[in-house]
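**Q** Numbering (the working numbering), first residue to last: 52 to 362.
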């Protein structure tokens with residue numbers, strides 16, 4: 052297999068759609084959790100709440116404020132986005148729901164960016180990657196509605212490149228984050244994790260219950276481990292064993308961030324994006340066992356049986 056064939060296989064190998072469906076569910080759940088954090092609605096969604104002053108852009112927000120429609124507009128945007136994420140999670144009208152979540156999230160960042168964190172930016176980026184894929188496979192309401200119809204037992208495949216884009220997005224995010232951290236003195240001297248977890252802005256625990264002085268070396272170790280892990284993440288992905296180590300380390304890191312720091316939905320969005328790194332063949336096998344039906348592959352489809360690893 053020459054270099055061009057390897058390149059085409061890397062981006063365009065056919066895989067079954069269950070991986071896209073599970074990623075859709077994870078992102079939808081993370082999106083719903085994010086919306087819960089943006090409540091009460093009158094505070095974060097109304098033009099006269101905690102929001103940038105009207106007057107920029109097309110003047111729509113200013114007109115809404117002058118018309119007295121601020122609370123109504125806030126509720127409409129919130130409910131529309133909540134319904135979109137709910138449909139996306141359930142797999143109901145999947146294609147439309149995923150597109151609505153992407154567009155709605157973009158609108159949200161323009162409507163009121165003040166309460167948003169980097170998790171929202173990541174959500175938009177990942178939604179952009181999967182909006183081009185068919186995410187309506189099992190498990191989804193759309194798939195179950197089609198059960199028993201002619202052709203419903205046929206396994207449909209699609210190119211893997213949207214999953215590859217999500218993986219590349221996550222890898223680039225970690226690498227760029229690590230490079231920027233190198234510019235910070237507190238990351239180079241090993242004190243970054245100590246300061247970020249012990250301040251009263253982001254800290255959950257340690258600002259009220261300080262770690263004994265004899266254990267502060269743990270913060271230094273975690274600082275350097277985080278920096279090394281982020282810088283090495285793209286390289287670790289190229290081997291199956293090191294990829295598993297990198298992802299498990301990431302799970303521990305983000306659960307630790309969630310437990311010790313208040314950074315909004317960032318941890319949950321990142322963990323949801325990790326679904327894209329699961330082996331599509333393994334995900335499909337698990338879904339077959341869970342659904343409990345046997346389906347046949349499309350004839351003449353080069354990747355219908357998914358006989359080649361797509362990890």
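For each residue, glycine too, the CB sits at the ideal point set by N, CA and C.
Only a predicted model underlies this, so the values are computations on that prediction, with no experimental measurement involved.
Residue 99 and residue 118 - do their beta-carbons sit closer together than 8 angstroms?
**A** The residue labelled residue 118 in the question sits at position 67 within the chain shown. The residue labelled residue 99 in the question sits at position 48 within the chain shown. No, the pair does not count as a contact, with Cβ atoms beyond the cut-off.
**Q** Any chance you could list the beta strand (DSSP E) runs of at least 3 consecutive residues sitting entirely within the stretch 154-241, in chain order?
**A** The qualifying runs are 208-210.
**Q** For the candidate residues 75, 66, 63, whose alpha-carbon lies nearest to that of residue 322?
**A** In the chain shown, residue 322 corresponds to position 271, counting from 1. Nearest C-alpha to residue 322: 75.
**Q** Just tell me which of 269, 324, 105, 214 has its CA closest to the CA of residue 66.
**A** In the chain shown, the residue the question calls residue 66 occupies position 15. Closest option to residue 66, Cα to Cα, is 214.
**Q** Going by DSSP in three states, residue 53 sits in which element: helix, strand or coil?
**A** Translated into the one-based positions of the chain shown, residue 53 becomes position 2. In the structure shown, residue 53 sits in coil (DSSP, three-state: anything other than H, G, I, E or B).
**Q** Suppose only complete runs of 4+ residues qualify. What are the alpha helix (DSSP H) ranges in the stretch 242-280, listed by chain order?
**A** With a minimum length of 4 residues, the continuous alpha helix (DSSP H) runs that stay inside the stretch 242-280 are 243-249.
**Q** Could you tell me the distance, in whole angstroms, from the CA atom of residue 209 to the CA atom of residue 123?
**A** Residue mapping note: residue 209 aligns to position 158 of the chain shown, counting from 1. Residue mapping note: residue 123 aligns to position 72 of the chain shown, counting from 1. Cα to Cα, residue 209 sits roughly 41 angstroms from residue 123.
**Q** Quick one: Cα of residue 300 to Cα of residue 246, how far?
**A** In the chain shown, residue 300 corresponds to position 249, counting from 1. In the chain shown, residue 246 corresponds to position 195, counting from 1. Roughly 21 angstroms separates the two Cα atoms.
**Q** Do residue 78 and residue 174 have their CB atoms nearer than 8 angstroms?
**A** Within the chain shown, the letter at position 27 stands for residue 78. Within the chain shown, the letter at position 123 stands for residue 174. A contact, by the Cβ cut-off of 8 angstroms.
**Q** Figure out for me which residue from 72, 125, 182 has the closest Cα to the Cα of residue 12.
**A** The displayed coordinates of the chain run from 52 to 362. Any statement about residue 12 would go beyond what the structure contains.
**Q** Here's the rule: buried if 16 or more other CB atoms are within 10 angstroms of the residue's CB, otherwise exposed. What is residue 264?
**A** What you label residue 264 is simply residue 213 of the chain shown in a count that begins at 1. Exposed: under 16 other Cβ atoms inside 10 Å.
**Q** Counting C-beta neighbours from all protein chains within 10 Å, is the total for residue 274 16 or more, i.e. buried, or is it exposed?
**A** Along the chain shown, read from residue 1 onward, the residue named residue 274 stands at position 223. The residue in question, residue 274, is buried, as its Cβ has 16 or more Cβ neighbours within 10 Å.
**Q** Would you tell me roughly how many angstroms separate the C-alpha atoms of residue 61 and residue 211, rounded to the nearest one?
**A** Taking the chain shown and counting its residues from 1, the one referred to as residue 61 is at position 10. Taking the chain shown and counting its residues from 1, the one referred to as residue 211 is at position 160. Approximately 8 angstroms between the Cα atoms of the pair.
**Q** Helix, strand or coil for residue 65? Go by DSSP, reduced to three states.
**A** Locating residue 65 in the chain shown gives position 14, where the first residue counts as 1. If DSSP states are grouped into helix, strand and coil, residue 65 belongs with the strands.
**Q** With burial defined as no fewer than 16 other Cβ atoms inside 10 Å of the residue's Cβ, what is the status of residue 324: buried or exposed?
**A** Position 273 of the chain shown holds residue 324. Answer is buried; the Cβ neighbour count reaches 16.
**Q** Would you mind working out which of 154, 223, 114, 165 sits nearest residue 282, comparing C-alpha positions?
**A** Counting from one through the chain shown, the residue named residue 282 turns up at place 231. The residue with the shortest Cα to Cα distance from residue 282 is 223.
**Q** Is residue 139 helix, strand or coil when you go by DSSP?
**A** One-based indexing of the chain shown puts residue 139 at position 88. Note: residue 139 maps to helix in three-state DSSP.
**Q** Going by DSSP, what residue range makes up the alpha helix (DSSP H) through residue 289?
**A** The residue you call residue 289 lines up with position 238 of the chain shown. Segment: none, residue 289 is in no alpha helix (DSSP H) and carries neither H nor E.
**Q** Three Cβ pairs or more, each shorter than 8 angstroms: is that satisfied between the stretch 192-201 and the stretch 156-174?
**A** Touching, no, given that fewer than three Cβ pairs across the two stretches are closer than 8 angstroms.
**Q** What are the start and end residues of the alpha helix (DSSP H) that includes residue 328?
**A** As a working note, residue 328 is residue 277 in the chain shown. Element bounds for residue 328: n/a, residue is neither H nor E.
**Q** Identify, in the order they occur along the chain, each residue of the same chain with its Cβ nearer than 8 angstroms to the Cβ of residue 94, setting aside the five sequence neighbours on each side.
**A** To locate residue 94, count along the chain shown from 1; it is residue 43. Closer than 8 angstroms at the Cβ level, and outside the excluded window around residue 94, lie 100, 101.
**Q** Out of 127, 297, 249, 291, which has the shortest C-alpha to C-alpha gap to residue 310?
**A** For the purposes of this step, residue 310 is identified with residue 259 of the chain shown, where counting begins at 1. Residue 249 is the option with its Cα nearest to residue 310.
**Q** Does residue 139 pass the burial test, meaning 16 or more other C-beta atoms within 10 Å, or should it be called exposed?
**A** Numbered from 1 along the chain shown, position 88 holds the residue referred to as residue 139. Buried, since its Cβ has 16 or more Cβ neighbours within 10 Å.
**Q** Which whole-angstrom value is the C-beta distance of residue 285 and residue 88, which I expect to be below 8 angstroms?
**A** Taking the chain shown and counting its residues from 1, the one referred to as residue 285 is at position 234. Taking the chain shown and counting its residues from 1, the one referred to as residue 88 is at position 37. With a Cβ gap of about 30 angstroms, residue 285 and residue 88 do not count as contacting.
**Q** Suppose contacts are defined by Cβ-Cβ distances below 8 angstroms. Is residue 334 in contact with residue 59 by that definition?
**A** Locating residue 334 in the chain shown gives position 283, counting from the first residue. Locating residue 59 in the chain shown gives position 8, counting from the first residue. Going by C-beta atoms, residue 334 is not nearer than 8 angstroms to residue 59.
**Q** I think residue 216 touches residue 180, with their Cβ atoms under 8 angstroms apart; what is that distance to the nearest whole Å?
**A** Numbered from 1 along the chain shown, position 165 holds the residue referred to as residue 216. Numbered from 1 along the chain shown, position 129 holds the residue referred to as residue 180. Their Cβ separation, rounded to whole angstroms, is 4 angstroms, which keeps residue 216 and residue 180 in contact under 8 angstroms.
**Q** Could you give the distance in angstroms between the alpha-carbon of residue 113 and the alpha-carbon of residue 86?
**A** Within the chain shown, residue 113 is the residue found at index 62, counting from 1. Within the chain shown, residue 86 is the residue found at index 35, counting from 1. Answer to the nearest angstrom: the Cα atoms are 24 angstroms apart.
**Q** Please check the pair residue 338 and residue 190, which I expect to be a contact at CB under 8 angstroms, by giving their CB distance rounded to whole angstroms.
**A** The count along the chain shown starts at 1 and reaches residue 338 at position 287. The count along the chain shown starts at 1 and reaches residue 190 at position 139. The pair is a contact, with the Cβ atoms about 7 angstroms apart (cut-off 8 angstroms).
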